[in-house]
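Numbering (our numbering), first residue to last: 4 to 283.
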Amino acid sequence: MSPLTALTYVLPHRALSSLARALAYSTNPSLKQWLIDTVTRKFGVDLSEAAEPDPNAYPTFNAFFTRALKPGARLPDPDSNALLMPADGHISQCGDIVDGRIFQAKGQAYTAAELLGSEADAAPFADGVFATVYLSPRDYHRVHMPWAGTLRETVHVPGRLFSVGTDAVASVPRVFARNERLACHFDTEFGPMVQVMVGALLVSGVETVWSGVEIPAYADAITRKDYRGKGIALERFAEMARFNYGSTVIVLLPRGAAMLAAGLAAETPVRLGQRLATRA
């Protein structure tokens, strides 16, 4: 564990993330432009793909961070049996969920029940498959649907806000099941599907297309919102949510629903719309 990761055990996660959020939403011209220019330069952000390619046109850093892409910049896999990658980034890990356990890194694992907040929610995924996608600061920060689904429920699970960088994922036990997160449960034609929006240090904002900002406020207890009967249906490749400043999305699919695409492995770069899996 690096000294910086060790330090995060004692840092005031929520206070620091709230400060970062205030900076991200600041309309101070000099501050917001310095943040945009610094991130663009340091991480090599490709603004030629953005619907608004002018870095000076964004009113806040968060507007830049959650920027839309030009039409056609990402396209869904043309195979109608393909489940789609939900975001740009790289694969942190992917594979089978074995006896309800999800592999994290280097001997680290956590349970689907810990991630989702209950054994009942995790039961359909006990022997399914998962993919964990890390979005870096250079990436497009909107998360889309791998497959068409109808929203059944969201579950806001309280937690810490550890970094989800490579060192932290390798060394902080159960980091994705410890961080603040929003699990979005969908009913699909092959059964349940869940996408978990995981917050992280300084990058803990989550917003959905159906209800706006979900995190913050940070939770003190598990909070469920029932959307059954509300008719919130999203098509394959449609935008589902966005990170207002960061992080990681985890897709869980039930047993027998799909096979992960060949070649996906830890650290594989991925792009929104490419093949995540194929219907079984």
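The beta carbon of each residue, even a glycine, is placed where N, CA and C say it ideally should be.
Evaluate residue i with the Cβ neighbour count: other Cβ atoms within 10 Å of its Cβ, from every protein chain shown; 16 or more gives buried, anything less gives exposed.
{"i": "Met262", "result": "exposed"}
{"i": "Asn31", "result": "exposed"}
{"i": "Asn65", "result": "buried"}
{"i": "Trp37", "result": "exposed"}
{"i": "Gly202", "result": "buried"}
{"i": "Arg44", "result": "exposed"}
{"i": "Glu238", "result": "exposed"}
{"i": "Pro127", "result": "buried"}
{"i": "Gly75", "result": "exposed"}
{"i": "Asp142", "result": "buried"}
{"i": "Asp124", "result": "buried"}
{"i": "Ala60", "result": "exposed"}
{"i": "Ala280", "result": "buried"}
{"i": "Leu50", "result": "exposed"}
In terms of DSSP beta bridges, what is residue i paired with?
{"i": "Gln36", "result": "Partner(s): none; Gln36 has no beta bridge."}
{"i": "Lys73", "result": "Beta-bridge pairing links Lys73 to no other residue."}
{"i": "Ile100", "result": "Ile100 is not bridged to any residue."}
{"i": "Leu19", "result": "Answer by DSSP bridge pairing: none, since Leu19 is not bridged."}
{"i": "Arg163", "result": "Asn182"}
{"i": "Lys228", "result": "Thr157"}
{"i": "Met200", "result": "Leu185, Val252"}
{"i": "Ala112", "result": "Phe106"}
In whole angstroms, what separates the C-alpha of residue i from that of residue j?
{"i": "Glu217", "j": "Asp102", "result": "31 Å"}
{"i": "Ser33", "j": "Thr41", "result": "12 Å"}
{"i": "Phe46", "j": "Ile39", "result": "11 Å"}
{"i": "Ala268", "j": "Leu72", "result": "26 Å"}
{"i": "Ala222", "j": "Arg163", "result": "10 Å"}
{"i": "Arg145", "j": "Gly110", "result": "30 Å"}
{"i": "Pro176", "j": "Pro257", "result": "25 Å"}
{"i": "Asn247", "j": "Gly232", "result": "28 Å"}
{"i": "Asn84", "j": "Gly131", "result": "18 Å"}
{"i": "Ala25", "j": "Ala283", "result": "45 Å"}
{"i": "Glu2", "j": "Leu154", "result": "Absent from the model: residue 2. The displayed extent of the chain is 4 to 283, so no value can be given."}
{"i": "Leu255", "j": "Ala224", "result": "23 Å"}
{"i": "Ala90", "j": "Pro6", "result": "30 Å"}
{"i": "Ala265", "j": "Pro62", "result": "41 Å"}
{"i": "Leu119", "j": "Glu52", "result": "34 Å"}
{"i": "Leu14", "j": "Leu22", "result": "13 Å"}
{"i": "Ala54", "j": "Phe68", "result": "12 Å"}
Can residue i and residue j be called in contact, C-beta distance under 8 Å?
{"i": "Ala134", "j": "Met200", "result": "no"}
{"i": "Gly208", "j": "Ala260", "result": "no"}
{"i": "Phe189", "j": "Pro79", "result": "no"}
{"i": "Leu275", "j": "Met88", "result": "yes"}
{"i": "Val178", "j": "Gln107", "result": "yes"}
{"i": "Ser20", "j": "Leu205", "result": "yes"}
{"i": "Leu138", "j": "Gly92", "result": "yes"}
{"i": "Met196", "j": "Gly234", "result": "no"}
{"i": "Ala180", "j": "Glu117", "result": "yes"}
{"i": "Val160", "j": "Ser95", "result": "no"}
Along the chain, where does the alpha helix (DSSP H) containing residue i start, and where does it finish?
{"i": "Thr271", "result": "Looking at the DSSP string, Thr271 is not in any alpha helix (DSSP H), and its letter there is neither H nor E."}
{"i": "Phe179", "result": "178 to 181"}
{"i": "Val172", "result": "169 to 174"}
{"i": "Asp124", "result": "122 to 125"}
{"i": "Phe68", "result": "64 to 68"}
In the DSSP assignment, find the unbroken beta strand (DSSP E) run with residue i in it and report its ends.
{"i": "Arg184", "result": "184 to 191"}
{"i": "Asn247", "result": "242 to 247"}
{"i": "Glu117", "result": "From DSSP, Glu117 is part of no beta strand (DSSP E) but of the alpha helix (DSSP H) over 115 to 119."}
{"i": "Arg145", "result": "145 to 147"}
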